[in-house]
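*Asks:* Sending over a structure as structure tokens; questions will come in a sec.
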Ligand SMILES: [Cu+2]
């Protein structure tokens, strides 16, 4: 699923505006600086060294992140007021399969909590493990023999490392392992590069993901770092398509100019644009997090959301085959999606007017002589830019034919992460009319399979080379859950469901109307496009000019319904995929839709647990969770590189304002 580059280096591509310096934080939500990451490591290690019951070597760190101060503190905080700095460190001792969550006070350099998680709890796969797993496979003789039997050079094979998914180990193998079925595992797929990496032409890169070596999956015990199982179920020829992105057609320049400068005002991580304001962070697990989102209305910065982010991804594959059934990726919790963020480049990933923000994360091997702070730079991983947004509004006088018309632009806050063959881009789009659109952009390479001419219901043929060698792309689904802690005119909110229906008793056959239903206790709802169903988060305190509570509506745009069996183990871990809309009472620590540790998760966690028992939410602080989705039935046009597919949802003001808030925009044509 992912190659290993992160531990060792991060290529600095673009100069950007917001270096994460070692100076003291000036905002309670500011991410950990390099020196704070160093303090987190040294303080944790000192604690482990001082305690004879704890190991102090062979430690791996699957997360080092800020412990966010309580929401009530942040909302009452004002610049200059002192605040605590706390970090959480996830420590894995791989030889003994033990895992701890450590909390510490950064200012006092003191560990405040060491909590060992139950044996078998597995944090995300670390980058260092990608390297270790590949080394184990290359040293495994049956791998070499299997490649040679296929006429392939083992040195040209690309090893793709995955979290192991849900398939249990065969009992005879598990019985020989000290940790049995709780052994920390990865599973690896093979692809053929067909040449040395050094022979790569950067202008026409190889794409090993287009050249699957079908039939083989290697399972690696990550406690002992040895291969414990290799399947070899079928031999299929490897396609010769290199996936080269060679080009022959040049586009004429399209230049973005802002001769009077940008309307984006960036103060540290506080973003102001037009009437919008928010605080932006790249989190090592969730990626982009937007805090304290507000819209200035008649001089008042009115709150809309306290915290919004991607929460989890679930990508199950639909091919009935023992080598495919376990492939269900939870890219946020199994791989720490934020640590897979790519540096964004002007005119390649984002327009040339983008402002870029850096991030600093942790090294999963901690501090070292080469890296005394134990930090890794992620330059230019958030981009903010204004772009053309088409028509804002227009009207024409019916007698004089005078036009009154306004052109729109929008603010995009974006990042993308590279998760092996797939790349997910996330656009948070702020509009002049007070709405926010969230778009997920899916591209990269489908997960392909070497096949033959036999028709398969679960895998469309997508590629063929000059020798007639075929690859298919098995059906799969993408479910992406977003956690939206909305605070509409403050944290005290209620939740309504609106649905349109025919009104049968008015005496007129044309009548229809919107029905509103209170959602009073935690739970879930499904989409209903036939009823134009959407959900309103309403203020419990503020009313608009019409006597109605002010509100924002969540409008579903795209969604998917899981086609696996209802008791499919992957789906049991991904309850958020069963229903598009979930809603909970705000609780600290409930952040991830599939729970904190979905990797090798033995029992369901996340929204299903958060909503059981269903607590009342009326007039409380409400969090909504929306799962957007895409059922990917691949087609030839998705090969060798998939054109970007966009899915998402919208947050729309609905009675939040007294009228169209974009009336004030001046006519740019004048
Ligand atoms: Cu897909």
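Residue numbers (this note's numbering): 269 to 938. Glycine included, C-beta positions come from ideal geometry on N, C-alpha and C. Note that the structure is predicted; figures quoted are calculated from it, not measured.
#1: Answer yes or no: the CB of residue 827 versus the heavy atoms of ligand 1, is any distance below 8 Å?
#2: To which residues of the same chain is residue 405 closer than 8 Å at the C-beta, ignoring the five residues directly before and after it?
#3: Thinking C-beta only, is residue 628 closer than 9 Å to residue 745?
#4: Are the beta-carbon atoms of residue 842 and residue 747 separated by less than 9 Å?
#5: Flag residue 400 as yes when its Cβ comes closer than 8 Å to any non-hydrogen atom of ligand 1, and as no otherwise.
#6: Which stretch, first to last residue, makes up the alpha helix (DSSP H) that contains residue 405?
#7: Pop quiz: residue 805 and residue 754 are said to be a contact at Cβ under 8 Å. What is the actual Cβ separation, rounded to whole angstroms?
#8: Run through DSSP, which three-state label would residue 445 get?
#9: Can you tell which of 618, 297, 561 and 306 has its C-alpha closest to the C-alpha of residue 639?
#10: From the DSSP output, in three-state form, read off residue 875 for me.
#11: Do the CB positions of residue 237 and residue 918 come within less than 9 Å of each other?
#12: Assign residue 403 to buried or exposed, taking buried as 16 or more other Cβ atoms, counted over all protein chains shown, within 10 Å of its Cβ.
#13: So what's residue 289 in DSSP terms, helix, strand or just coil?
#14: Enumerated in chain order, which unbroken segments of the beta strand (DSSP E) with a length of 3 residues or greater are wholly contained in the region 676-715?
#15: Just to confirm before moving on: does the CB-CB distance between residue 575 and residue 558 stay below 9 Å?
#16: With a floor of 4 residues, list each alpha helix (DSSP H) that falls wholly inside the region 488-555, ordered by position along the chain.
#17: Between which two residues does the alpha helix (DSSP H) holding residue 841 run?
#18: Go through its chain and collect everything with a Cβ distance to residue 531's Cβ below 7 Å, but skip five positions before and after it.
#19: Quick one: which unbroken alpha helix (DSSP H) runs of 4-plus residues sit fully inside the region 783-850? Chain order, please.
#20: Could you please give the first and the last residue of the uninterrupted beta strand (DSSP E) stretch that includes residue 305?
#21: So, with DSSP's three-state summary, where would you put residue 450?
#22: What does the alpha-carbon distance come out to for the pair residue 524 and residue 621?
#23: Cβ-heavy atom distance between residue 710 and ligand 3 below 8 Å?
#24: Report whether the distance from the Cβ of residue 690 to the nearest heavy atom of ligand 1 is below 8 Å.
#25: Going by beta-carbon coordinates alone, are residue 564 and residue 545 separated by less than 9 Å?
#26: If you measure from the CB of residue 739, is any heavy atom of ligand 1 nearer than 8 Å?
#27: I'd like the ranges of any alpha helix (DSSP H) spanning at least 4 consecutive residues and lying wholly in the region 550-611.
#28: Thinking residue 422 and residue 330 are a contact (beta carbons under 8 Å), I'd like their distance in whole angstroms, please.
#29: In whole angstroms, what separates the C-alpha of residue 934 from that of residue 674?
#30: Go to residue 427, then tell me how far its beta strand (DSSP E) extends in each direction, as first and last residue.
#31: Using beta-carbon positions only, say whether residue 577 and residue 750 come within less than 9 Å of one another.
#32: Flag residue 714 as yes when its Cβ comes closer than 8 Å to any non-hydrogen atom of ligand 1, and as no otherwise.
#33: Can you tell me which of 698, 854 and 343 puts its alpha carbon nearest to the alpha carbon of residue 560?
#34: What I want to know is whether the C-beta of residue 902 ends up closer than 8 Å to one or more non-hydrogen atoms of ligand 1.
#35: Can at least three beta-carbon pairs, one atom from the region 711-727 and one from the region 897-913, be found at a separation below 8 Å?
#36: Taking 7 Å as the limit between beta carbons, can you name the residues of its chain near residue 466, skipping five residues before and five after?
*Replies:* Quick look at the numbers:
#1: Not so, every heavy atom of ligand 1 lies at least 8 Å from the Cβ.
#2: Cβ neighbours of residue 405 within its own chain (closer than 8 Å, five residues either side excluded): 411, 427, 456, 486, 488 and 495.
#3: No; because the gap between Cβ atoms is not below 9 Å, this pair is not in contact.
#4: For residue 842 and residue 747, yes; Cβs fall inside 9 Å.
#5: Residue side-chain check: residue 400 keeps its Cβ at 8 Å or more from all non-hydrogen atoms of ligand 1.
#6: Residues 395-406.
#7: With a contact defined as Cβ atoms closer than 8 Å, residue 805 and residue 754 qualify at about 4 Å.
#8: Looking at residue 445 - three-state DSSP - the assignment turns out to be coil, as it is neither helix nor strand.
#9: Relative to the Cα of residue 639, the nearest Cα in the group 618, 297, 561 and 306 belongs to 306.
#10: Note: residue 875 maps to helix in three-state DSSP.
#11: Because residue 237 is not part of the residues shown, which for the chain are 269 to 938, the question remains open.
#12: Taking every protein chain shown into account, the CB of residue 403 has fewer than 16 other CB atoms within 10 angstroms, so this residue is exposed.
#13: Only weak support is given to the placement of residue 289: the predicted model assigns it a pLDDT of 40, under 50, and the value that follows is read from those uncertain coordinates. Residue state, collapsed to three classes: coil.
#14: Listed in chain order, the complete beta strand (DSSP E) runs (minimum 3 residues) inside the region 676-715 are 690-699 and 704-712.
#15: A contact, by the Cβ cut-off of 9 Å.
#16: List check, alpha helix (DSSP H) in window: nothing returned.
#17: The continuous alpha helix (DSSP H) containing residue 841 extends over residues 837-841.
#18: Short of 7 Å from the beta carbon of residue 531, and not among the five residues preceding or following it, lie these beta carbons of its own chain, in chain order: 541, 542 and 654.
#19: Segments of the alpha helix (DSSP H) lying fully in the region 783-850: 837-841.
#20: No beta strand (DSSP E) contains residue 305, which is instead part of the alpha helix (DSSP H) from 302-318.
#21: If DSSP states are grouped into helix, strand and coil, residue 450 belongs with the helices.
#22: About 7 Å.
#23: Among the ligands in the structure shown, ligand 3 does not appear; only ligand 1 can be found there.
#24: Checking every heavy atom of ligand 1 against the Cβ of residue 690, one is found closer than 8 Å.
#25: Contact: yes.
#26: For ligand 1, not one heavy atom lies less than 8 Å from the Cβ of residue 739.
#27: Listed in chain order, nothing qualifies, since the region 550-611 has no complete alpha helix (DSSP H) run of 4 or more residues.
#28: In fact, because the Cβ distance is near 30 Å, the residues do not count as touching under 8 Å.
#29: Going from the Cα of residue 934 to the Cα of residue 674 covers about 7 Å.
#30: DSSP places residue 427 inside the beta strand (DSSP E), whose first and last residues are 425-430.
#31: Against a cut-off of 9 Å, the Cβ pair of residue 750 and residue 577 comes out as a contact.
#32: Yes, the Cβ of residue 714 comes within 8 Å of a heavy atom of ligand 1.
#33: Comparing Cα positions, the closest option is 343.
#34: Correct: residue 902 has its Cβ closer than 8 Å to ligand 1.
#35: The region 711-727, when compared against the region 897-913, does touch it at the 8 Å Cβ threshold.
#36: Excluding residues within five positions, none has a Cβ falling inside 7 Å.
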